[in-house]
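Novice:
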Amino acid sequence: MHPRLTFALAIIEGLAILAYAFSGFIEARKRRLDAVGTFLVALATAFGGGTVRDVLLERRPFYWVQHEAYVVVIFALSLVAPYVLRMASRVFNERALLVADAIGLGLFSISGTSIALDAQMPAFIAVMMGVVTGVFGGIIRDVVCNEVPLLLRDSRPYATCAFAGCWLYLLLDHLQFDSVYSVIFATGFILIARLVTFKLDVRLPH
Amino acid sequence: MHPRLTFALAIIEGLAILAYAFSGFIEARKRRLDAVGTFLVALATAFGGGTVRDVLLERRPFYWVQHEAYVVVIFALSLVAPYVLRMASRVFNERALLVADAIGLGLFSISGTSIALDAQMPAFIAVMMGVVTGVFGGIIRDVVCNEVPLLLRDSRPYATCAFAGCWLYLLLDHLQFDSVYSVIFATGFILIARLVTFKLDVRLPH
Amino acid sequence: MHPRLTFALAIIEGLAILAYAFSGFIEARKRRLDAVGTFLVALATAFGGGTVRDVLLERRPFYWVQHEAYVVVIFALSLVAPYVLRMASRVFNERALLVADAIGLGLFSISGTSIALDAQMPAFIAVMMGVVTGVFGGIIRDVVCNEVPLLLRDSRPYATCAFAGCWLYLLLDHLQFDSVYSVIFATGFILIARLVTFKLDVRLPH
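Chains as they are written, first to last, in the UniProt record's numbering: chain A, 1 to 206; chain B, 1 to 206; chain C, 1 to 206.
Here is the structure:
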């Protein structure tokens, strides 16, 4: 891969992880958790999906073991989470958070699917593994905070966008597209699908 | 094994999996989850117990990876869960569901114990693994739906029936009964114990 | 190690496991769980942290598989949990429970860190694994009983004491202290830190 592209992907990945951790901070704040609780919830939100996937696929080492720095950064942010949230609410608006979270959803889902395919999973299972990677962190966050997971009751397409994007990735992979472009294209699809359906307030039946 | 018996067991197993998924549909309906939430809850209910057992025993591939078709069927049913529930309420009565669920409890518990014995677990642990296989799907379902798991507070013998049946299976295995008959006999015991104690409204102390 | 020391450690470990199981009994009583529910909650509280750690590190066999006797004892106690609790409330006061729980927190956290270091985890991750070993049982207990985990919202230093003690252990290990003394010293630190901060009613910011 072109080194500049690798660098860009690493930046985007970092943004996505921080966006997930951030949604953990917000939930922890709502529940008035202390600094330790905030840290554990943010950690579970950011890395829960990938960890469950790796346990299911028997992959080691975990992402957060190889990239210890992320754990340390989330730890440091947790200690000052109230200030982080206050500062962030001035610098970013809610839309910025929505976009960062949607990037995370896309990136984590597609990388999850890709890893599951490498592990010889059948198509439907690989797609499910991708969706789990993208959404499980949020489910753990809400279960620990004693709520019915937002994702399961929201009726806005969230997991659904990831699901569609993972199938798109499978299709591109089947057509033997260059893998870097497949990842970027499918991730972009999920990002745009999430933002457009959110904007248009599309609802799933239930 | 006689091929006709294998076929019969495959049918019974399919029924049991669908009964578990169905109890996920019912819970999801109560909580007004959307189609994605319904699917994930049904999946966790049907395969959660066996997956936790396999993670604990380091067994791969998972049942649902080898039998992808079940995942696809549960997915398809989830999309039309409200209609499935309405239709089912006309065709089956509650007793049919109770019986199907009790078959699942028996089959999953005994198969779990059998697999744990194959993995050289000591007796008490093998029985516990069997009970976990039988009941953990329901626990995950209730935790995700933000309830104290029914099983833990119901005081009707449910896990207790599975527990007794798994010990019976261990006894039969120890007496070197033919393994097919042991499975059928112990599964039947759990099924009947569950139905009889339910009918007589037997309660555990608490 | 001196055989008398080994014996003393085994006794302390047994006490710690029972203290954790006991906190499961208390929670189960509050939620009016039946005997099966009480057993499963006590088991998850006592062995949940170590089991999660072992799944993350791919270690087998689990502690409770090798020490089946603990599972049997907790099972027997669960059957008579109301009597156990009543009797215990006469024999011990709350302070005794607090001390036993703090011993458990110290012992489990330090042993968790030590095991993670043996598995070549980097420093911060090893400390996190230690904290997870010490506190995850309580988190599972509270999640199953449908509460926001006490540990995440209490604001009294609990995980924080474990966190500090694990770093102390790492330091001693780095200074090449004798490993038995490092364990005893760091465990004692956590025990005393927990009791002192509790007594002085120290609170974390949130």
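We treat Cβ as the ideally placed atom computed from N, Cα and C, and that holds for glycine. As the structure is a computational prediction, the values presented were derived from the model and not from experiment.
Along the segment 28 to 40 of chain C, what residues have a CB closer than 7 Å to any CB found in chain B?
Specialist: Cβ contacts with chain B: 31, 32, 33, 34, 35, 36, 37, 40.
Novice: Is the beta carbon of residue 186(A) sitting closer than 8 Å to the one on residue 158(A)?
Specialist: The count along the first sequence starts at 1 and reaches residue 186(A) at position 186. The count along the first sequence starts at 1 and reaches residue 158(A) at position 158. For residue 186(A) and residue 158(A), no; Cβs fall outside 8 Å.
Novice: Hey, residue 84(B) and residue 25(B): beta-carbon distance below 8 Å or not?
Specialist: Reading the second sequence from its first residue, position 84 is the one you call residue 84(B). Reading the second sequence from its first residue, position 25 is the one you call residue 25(B). Contact flag set, yes.
Novice: Do residue 57(B) and residue 140(B) have their C-beta atoms within less than 8 Å of each other?
Specialist: Position 57 of the second sequence, counted from the first residue, corresponds to residue 57(B). Position 140 of the second sequence, counted from the first residue, corresponds to residue 140(B). No, the Cβ-Cβ distance between residue 57(B) and residue 140(B) is not below 8 Å.
Novice: Have a look at 70(B), 19(B), 180(B) and flag the residue whose alpha-carbon is nearest the alpha-carbon of residue 110(B).
Specialist: Position 110 of the second sequence, counted from the start, is the residue given in the question as residue 110(B). When only C-alpha atoms are compared, the closest one is 180(B).
Novice: Does the distance from the CB of residue 48(A) to the CB of residue 108(A) come in under 8 Å?
Specialist: On the first sequence, position 48 is the one that residue 48(A) refers to. On the first sequence, position 108 is the one that residue 108(A) refers to. Not in contact: residue 48(A) and residue 108(A) (Cβ atoms no closer than 8 Å).
Novice: With three or more beta-carbon pairs closer than 8 Å as the criterion, would you say the segment 65 to 81 of chain A touches the segment 11 to 26 of chain A?
Specialist: Yes: the two stretches touch, three or more of their Cβ pairs being nearer than 8 Å.
Novice: Please check the pair residue 131(C) and residue 151(C), which I expect to be a contact at CB under 8 Å, by giving their CB distance rounded to whole angstroms.
Specialist: On the third sequence, position 131 is the one that residue 131(C) refers to. On the third sequence, position 151 is the one that residue 151(C) refers to. Their Cβ separation, rounded to whole angstroms, is 10 Å, which puts residue 131(C) and residue 151(C) out of contact at 8 Å.
Novice: Return the residue from the list 91(A), 101(A), 43(A), 61(A) that minimises the CA-CA distance to residue 78(A).
Specialist: Here residue 78(A) corresponds to residue number 78 of the first sequence, with the count starting at 1. Nearest C-alpha to residue 78(A): 43(A).
Novice: Could you spell out where the alpha helix (DSSP H) holding residue 219(C) opens and where it closes?
Specialist: An answer regarding residue 219(C) cannot be provided, because it is not within the stretch 1 to 206 covered by chain C.
Novice: If you check the beta carbons only, do residue 113(C) and residue 166(C) fall under 8 Å apart?
Specialist: The residue labelled residue 113(C) in the question sits at position 113 within the third sequence. The residue labelled residue 166(C) in the question sits at position 166 within the third sequence. Contact: yes.
Novice: Count the other CB atoms within 10 Å of the CB of residue 76(B); is the residue buried (16 or more) or exposed (fewer)?
Specialist: Within the second sequence, residue 76(B) is the residue found at index 76, counting from 1. Classification of residue 76(B): exposed, given that the 10 Å Cβ count is below 16.
Novice: Could you give the distance in angstroms between the alpha-carbon of residue 193(B) and the alpha-carbon of residue 101(B)?
Specialist: For this step, residue 193(B) is matched to residue 193 along the second sequence. For this step, residue 101(B) is matched to residue 101 along the second sequence. Roughly 13 Å between the two C-alpha positions.
Novice: For the segment 144 to 159 of chain C, list every residue whose C-beta sits within 9 Å of some C-beta in chain A, in sequence order.
Specialist: So the close ones are 146, 147, 148, 149, 151, 152, 153, 154, 155, 156, 157, 158, 159.
Novice: Under the assumption that residue 99(B) contacts residue 171(B) (Cβ atoms under 8 Å), give the Cβ distance between them as a whole number of angstroms.
Specialist: What you label residue 99(B) is simply residue 99 of the second sequence in a count that begins at 1. What you label residue 171(B) is simply residue 171 of the second sequence in a count that begins at 1. Incorrect: roughly 25 Å between the Cβ atoms, too far for contact.
Novice: Look at the alpha carbon of residue 176(B) and the alpha carbon of residue 182(C), and state the distance between them as a whole number of angstroms.
Specialist: Locating residue 176(B) in the second sequence gives position 176, counting from the first residue. Locating residue 182(C) in the third sequence gives position 182, counting from the first residue. Taking the straight line from one Cα to the other gives about 50 Å.
Novice: Check the C-beta distance from residue 138(A) over to residue 149(A) and give it rounded, since I have them as a contact under 8 Å.
Specialist: As a first step, residue 138(A) is located in the first sequence; it is residue number 138 there, counting from the start. As a first step, residue 149(A) is located in the first sequence; it is residue number 149 there, counting from the start. That belief holds up - the Cβ atoms of residue 138(A) and residue 149(A) are roughly 7 Å apart, short of 8 Å.
Novice: Any chance you could list the alpha helix (DSSP H) runs of at least 4 consecutive residues sitting entirely within the UniProt domain "Glycine transporter" (11 to 81) of chain A, in chain order?
Specialist: The qualifying runs are 35 to 57, 63 to 66, 68 to 79.
Novice: Can you list the residues of chain C that residue 73(A) reaches, using a CB-CB cut of under 7 Å?
Specialist: In the first sequence, counting from the first residue as 1, residue 73(A) sits at position 73. Correct list: empty, because the minimum Cβ distance to chain C is about 11 Å.
Novice: Where does residue 105(C) sit, in a helix, a strand or coil, going by DSSP?
Specialist: Here residue 105(C) is taken as the residue at index 105 of the third sequence, counted from 1. The answer is helix: DSSP assigns residue 105(C) an H, G or I state.
Novice: Between 199(B), 13(B), 36(B), which has its C-alpha nearest residue 105(B)'s C-alpha?
Specialist: Along the second sequence, read from residue 1 onward, the residue named residue 105(B) stands at position 105. Comparing Cα-Cα distances from residue 105(B) to each of 199(B), 13(B), 36(B), the minimum goes to 13(B).
Novice: When you check each C-beta in the segment 188 to 204 of chain C against every C-beta of chain A, which residues fall closer than 9 Å?
Specialist: Listed by position, the residues of the segment 188 to 204 of chain C near chain A (Cβ gap below 9 Å) are 203, 204.
Novice: Are there 16 or more other CB atoms within 10 angstroms of the CB of residue 28(C), so buried, or fewer, so exposed?
Specialist: The residue you call residue 28(C) lines up with position 28 of the third sequence. Buried, because 16 or more other Cβ atoms sit within 10 Å of the Cβ of residue 28(C).
Novice: Going by the beta-carbon positions, is the gap between residue 154(A) and residue 154(B) smaller than 8 Å?
Specialist: The residue labelled residue 154(A) in the question sits at position 154 within the first sequence. The residue labelled residue 154(B) in the question sits at position 154 within the second sequence. For residue 154(A) and residue 154(B), no; Cβs fall outside 8 Å.
Novice: Between residue 45(B) and the rest of its own chain, which residues show a CB-CB distance below 8 Å, the 5 nearest in sequence each way excluded?
Specialist: Counted from its first residue, the second sequence places residue 45(B) at position 45. Contacts found: 20, 21, 23, 24, 27, 137, 138, 140, 141.
Novice: Interface residues of chain A around residue 132(B) at Cβ under 8 Å?
Specialist: Locating residue 132(B) in the second sequence gives position 132, where the first residue counts as 1. None at all; the shortest Cβ gap to chain A is about 16 Å.
Novice: What residues of chain B sit near residue 61(A), judged by a beta carbon separation below 9 Å?
Specialist: Position 61 of the first sequence holds residue 61(A). Chain B residues near residue 61(A): none, gap ~17 Å exceeds 9 Å.
Novice: What is the residue span of the alpha helix (DSSP H) that residue 189(C) lies within?
Specialist: Residue mapping note: residue 189(C) aligns to position 189 of the third sequence, counting from 1. Start and end: 179 to 199.
Novice: Considering only the beta carbon of each residue, do residue 117(A) and residue 173(A) sit closer than 8 Å?
Specialist: By 1-based counting over the first sequence, the position of residue 117(A) is 117. By 1-based counting over the first sequence, the position of residue 173(A) is 173. Result yes, Cβ atoms of residue 117(A) and residue 173(A) sit closer than 8 Å.
Novice: Rounded to the nearest angstrom, what separates residue 62(C) and residue 52(C) at their Cα positions?
Specialist: Sequence index remark: in the third sequence, residue 62(C) carries index 62 (1-based). Sequence index remark: in the third sequence, residue 52(C) carries index 52 (1-based). The alpha-carbon atoms of residue 62(C) and residue 52(C) are separated by roughly 10 Å.
Novice: Any beta-carbon of chain B closer than 8 Å to the one on residue 52(C)?
Specialist: Mapped onto the third sequence, residue 52(C) falls at position 52. Judged by the 8 Å Cβ criterion, residue 52(C) is not in contact with chain B.
Novice: Looking only at its own chain, which residues have a Cβ that is under 8 Å from the Cβ of residue 103(A), when we skip the five neighbours before and after it?
Specialist: In the first sequence, counting from the first residue as 1, residue 103(A) sits at position 103. Counting only Cβ-Cβ distances below 8 Å, and skipping sequence neighbours, we find 12, 15, 16, 19, 187, 191.
Novice: Assuming the contact rule is C-beta atoms closer than 8 Å, residue 144(A) and residue 72(A) should be a hit. Round their C-beta distance to whole Å, please.
Specialist: Reading the first sequence from its first residue, position 144 is the one you call residue 144(A). Reading the first sequence from its first residue, position 72 is the one you call residue 72(A). Contact doesn't hold; Cβ gap of about 22 Å is too wide.
Novice: Find the residues of chain C that neighbour residue 65(A), judging by a C-beta separation of less than 8 Å, and give them in chain order.
Specialist: Here residue 65(A) refers to the residue found at position 65 when the first sequence is read from its first residue. Correct list: 121, 122, 125.
Novice: List the endpoints of the continuous alpha helix (DSSP H) containing residue 168(A).
Specialist: Position 168 of the first sequence holds residue 168(A). From DSSP, the alpha helix (DSSP H) with residue 168(A) extends over 159 to 174.
Novice: Short of 7 Å in beta carbon distance, which residues of its chain neighbour residue 37(A), apart from the five on each side in sequence? Order them along the chain.
Specialist: Indexing the first sequence from 1 puts residue 37(A) at position 37. So the qualifying residues of the chain are 28.
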